[in-house]
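Heads up: take any position in the sequence shown, counting from 1, add 1301, and you land on this note's numbering. Note that CB positions come from ideal geometry on N, CA and C, so glycine has one too. No experiment lies behind these values; they were computed from the predicted model shown. Below is one structure, written out as structure tokens, with a few remarks after it.
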Amino acid sequence: MGRLDGKVAIISGGARGLGASHARRFVEEGARVVVGDILVDEGLALAAELGDAVEFTELDVTSADSWAKTVATTTDKFGTPTVLVNNAGIQNGGLIGSFDLGEWDRIVAINLTGTFLGCRAVADPMIAAGNGGSIVNTSSISGMLGSVGTHGYCATKFAIRGLTKSVAVELAPHNIRCNSIHPAQARTDMAAGIPETFLQTPLGRAADPAEITNLVLFLASDESSYCTGGEYPVDGGLTATVPFNAPSS
């Protein structure tokens, strides 16, 4: 028995990195998975690797029409989605006095509007099917803490945290749960070139993608049936500590 037997999942940004890690583990645990991404070649390669339990569809998370097509593809191939993992996202940066407005609009469109559109796209089908469901939104420790030069990233990740709670409250009567995860640095392409000690986590290292996936798997499964509206750090203890400079000897 797999922990996700009978589940039908959509994973946005699923072609590589954390999304691909989630897809692989979901299949191992019995789910049927639709991987949505703008990275067509990588998405098709992942679907070929994982076999008949996976379908790839091109998904632009900033487009309501693209989300509608993804939900329709999922329903036609596997049935009504019971799990959504809003994983797609980008990072950009700049000092507040010179932060480019185009880059602000781009990160808001992908990180925040993309998450909103995903939640909106699955809500009514999940309600109509009457089988409940689980939505997992990918925020960040930057949805709990600020940092220099990451204004768009922090703003969108804080907003995802709030959106998660409002969606959770609205959909709770239908047994549809919504939770957010808050990773620190992970060993993915997005963090390539950043030293693992850049963030001063008590555990002293970046996360392996599988360690993030373990939490997503729990929230997607019925094991978390009483968890909704929650925010779950998976950050090596970073948000548990007060930063300080040790006195010199």
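Apply the 10 Å Cβ neighbour rule to residue i and answer buried if 16 or more other Cβ atoms are within range, or exposed otherwise.
i: A1349; result: exposed
i: N1438; result: buried
i: G1398; result: exposed
i: G1453; result: buried
i: A1507; result: buried
i: A1487; result: buried
i: G1352; result: exposed
Look at the Cβ atom of residue i, then the Cβ atom of residue j, and state whether they are nearer than 8 Å.
i: A1575; j: V1386; result: Here the chain covers residues 1302 to 1550 and nothing more, so residue 1575 does not appear.
i: V1535; j: H1483; result: yes
Round the Cβ separation of residue i and residue j to the nearest angstrom and send it over; I've been treating them as touching at under 8 Å.
i: N1388; j: G1431; result: Contact doesn't hold; Cβ gap of about 26 Å is too wide.
i: A1614; j: V1334; result: Residue coverage of the chain in this structure runs from 1302 to 1550, which leaves residue 1614 outside it and unanswerable.
Is residue i a contact residue of the ligand FAD, with contact defined as CB to any heavy atom under 7 Å?
i: T1498; result: Of ligands this structure carries none, so the ligand FAD is not represented either.
Does DSSP classify residue i as helix, strand or coil?
i: F1519; result: helix
i: N1393; result: coil
i: P1510; result: helix
i: I1312; result: strand
i: E1343; result: helix
i: V1384; result: strand
i: E1330; result: coil
i: P1426; result: helix
i: V1485; result: The amino acid at residue 1485 is misidentified as Val; the sequence shows Ala. In this structure, A1485 counts as coil in the three-state DSSP scheme.
i: T1542; result: coil
Provide the residue(s) that pair with residue i in DSSP beta bridges, ordered along the chain.
i: E1255; result: The first residue shown for the chain is 1302 and the last is 1550, placing residue 1255 beyond what the model contains.
i: E1532; result: S1481
i: I1436; result: L1385, C1479
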